[in-house]
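Chemist: Sending over a structure as structure tokens; questions will come in a sec.
In this note's numbering, the protein residues as written are 864 to 1314.
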């Protein structure tokens, strides 16, 4: 079996003045800086320890410099607030001197820019360090708002496809289940706060979403002693870090795919959709989705359950996880599944042939990952409901962009999948093999057209 590399979550949401009424292990974040996640030397994804945190911030403090001392790279350099979505990197001379690495960064940015249409500019600082006790370390800027403000922004920004699920978010703060962990707020109203990354504020058009042009939204530091694979088109390089895939994944965290389950602090926007899947909590209707507890307990089964509101998502079928939702990782402590919670559940643990999306917590360079087109249909829906302007597939026969319309490209794509024996062509019961019924189902849905 190929080695599985654990991908670090681009963490966010510092906890201002919060303490924990429990002796169990959870990370309390000091108020001046956000949490740091690392890919450790052993391949595990976890919260940074004290030494790793010091190395990460020392690297940023010592190498960041003034914006004029760094190189700005972007295919579409633009000021914040202009039309179109643009990811910009600020790099120093060490990174600039590695043209293959820089090109891989830009490829990762273009992958996100090809699916998001918001008028927003997201800035990430990228640095190298040496002799570091990690493969990479990352963090993201965020700030707080109330649950009601965040919900209102989501509803105002929702597309027609998103509206049924987003409108079903409870009017007042839902039951966020922390288990034995109780936040002790130090200021009035702190228990109603939610954390929003600065990038996600841009997507939601929040009034305070125009940071200084000198500020970055997120930061990542790579250990330059390692070998990097900067061209995924020529196959995987043994022992090398796939820069494009890692950066697409890490940018996903900066764009909002993060949970407070592994940290002590207010929930994040993605936690609005993190439904508890134990007992009778799993919803079957939008009304039940509104009332379902949101689980921030490590080890407690949790998932994203759109309750059928997105016809473009196949009903989940997991041999080892019999639920009708898309499961999420449950934490890195002994109580959890060993994967940081800001991810889909690992395909390895689900016993399925393909990752749920680029926000899978591990990378093995194998057939379970489409390294050239890593953002899945499920990823698109998740980021869409979190506020990004993204076209999502209208049904299971809507396979190729532009989504929302059926054309010959969808037919060609399906026949290619079916001919290759790809499990993504298995869209009709029984779901354990490909047969003529799958083709008939595809043609029926294609013929019906998009709503």
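Yeah, the Cβ is synthetic: ideal placement off N, Cα and C, and Gly gets one too.
Note that this is a predicted model, so its numbers are computed, not measured.
#1: With a Cβ-Cβ cutoff of 9 Å, do residue 1342 and residue 1124 count as a contact?
#2: Identify whether residue 1191 lies in helix, strand or coil by the three-state DSSP scheme.
#3: What is the DSSP secondary structure of residue 1006, reduced to helix, strand or coil?
#4: Contact defined as beta carbons within less than 8 Å: I believe residue 1313 pairs with residue 1268. What is the distance between those atoms, to the nearest angstrom?
#5: Return yes when the Cβ of residue 1001 is within less than 9 Å of the Cβ of residue 1091, no when it is not.
#6: Taking the DSSP output, what are the residues bridged to residue 1207?
#7: Rounding to the nearest angstrom, what Cα-Cα distance links residue 1244 and residue 1038 in this structure?
#8: Ordered along the chain, which non-local residues of its own chain (more than five positions away) have a Cβ less than 7 Å from that of residue 1240?
#9: Just the C-alpha distance for residue 853 and residue 988, rounded to the nearest angstrom, thanks.
#10: Under DSSP, the alpha helix (DSSP H) around residue 963 begins and ends at which residues?
#11: How long is the line joining the alpha carbons of residue 912 and residue 991, rounded to whole angstroms?
#12: Just how far apart, CA to CA, sit residue 1069 and residue 1017?
#13: Contact defined as beta carbons within less than 8 Å: I believe residue 1250 pairs with residue 1067. What is the distance between those atoms, to the nearest angstrom?
#14: Since residue 952 sits in a beta bridge, which residues does DSSP pair it with?
#15: Between residue 1285 and residue 1279, is the Cβ-Cβ spacing less than 9 Å?
#16: Using the beta-carbon count (16 or more within 10 Å), is residue 1098 buried or exposed?
#17: Using 8 Å as the threshold, is the stretch 1144 to 1158 in touch with the stretch 1203 to 1211, meaning 3 or more CB pairs across them?
#18: Mind listing, in chain order, the continuous beta strand (DSSP E) runs of no fewer than 3 residues lying wholly within the stretch 1124 to 1188?
#19: So what does DSSP say about residue 913, is it helix, strand or coil?
#20: Judging by CA-CA distance, which residue of 1173, 1292, 1122, 1198 is the nearest neighbour of residue 1259?
#21: Can you tell me which of 1064, 925, 1106, 1147 puts its alpha carbon nearest to the alpha carbon of residue 1014?
#22: Which same chain residues end up closer than 6 Å to residue 864 when comparing Cβ atoms and leaving out the 5 residues on each side of it in sequence?
#23: Could you compute how far the alpha carbon of residue 1195 sits from the alpha carbon of residue 1128?
#24: Could you say which of 1184, 1216, 1110, 1163 lies nearest to residue 999 if we only look at CA atoms?
#25: Taking the alpha carbon of residue 1135 as the reference point, which residue from 1166, 936, 1112, 1107 has its own alpha carbon closest?
#26: Helix, strand or coil: how does DSSP classify residue 1296 here?
#27: Would residue 954 and residue 937 be called neighbours here (beta carbons separated by less than 9 Å)?
#28: From the DSSP output, in three-state form, read off residue 1035 for me.
#29: Taking the alpha carbon of residue 1022 as the point to measure from, which residue in 1305, 1248, 1272 has its own alpha carbon closest?
#30: With DSSP run on the structure shown, which of helix, strand or coil describes residue 1018?
#31: Which residue wins for smallest C-alpha separation from residue 1190, given the options 1171, 1197, 1212?
#32: Roughly how many whole angstroms lie between the Cα atoms of residue 1200 and residue 1193?
Modeler: Looking at the coordinates:
#1: In this structure the chain extends from 864 to 1314, so residue 1342 is not present and cannot be described.
#2: strand
#3: strand
#4: Right, the Cβ-Cβ distance comes to about 6 Å (below 8 Å), so this counts as a contact.
#5: no
#6: 1191
#7: 23 Å
#8: 1175, 1176, 1256
#9: Residue 853 lies beyond the stretch modelled for the chain, which goes from 864 to 1314, so this question has no answer here.
#10: 962 to 976
#11: If I take the Cα positions, the gap works out to 19 Å.
#12: 10 Å
#13: 4 Å
#14: 936, 987
#15: yes
#16: exposed
#17: no
#18: List check, beta strand (DSSP E) in window: 1165 to 1167.
#19: helix
#20: 1173
#21: For the residues 1064, 925, 1106, 1147, the minimum Cα distance to residue 1014 belongs to 1064.
#22: Low confidence applies here, because residue 864 scores a pLDDT of 35, under 50, leaving its location unreliable and the question unanswered by this model.
#23: 17 Å
#24: 1110
#25: The shortest Cα separation from residue 1135 among 1166, 936, 1112, 1107 belongs to 1166.
#26: Three-state DSSP puts residue 1296 in coil, outside helix and strand.
#27: With contacts defined by Cβ atoms closer than 9 Å, residue 954 and residue 937 do not form a contacting pair.
#28: coil
#29: Checking every option, the nearest Cα to that of residue 1022 belongs to 1248.
#30: helix
#31: 1212
#32: 6 Å
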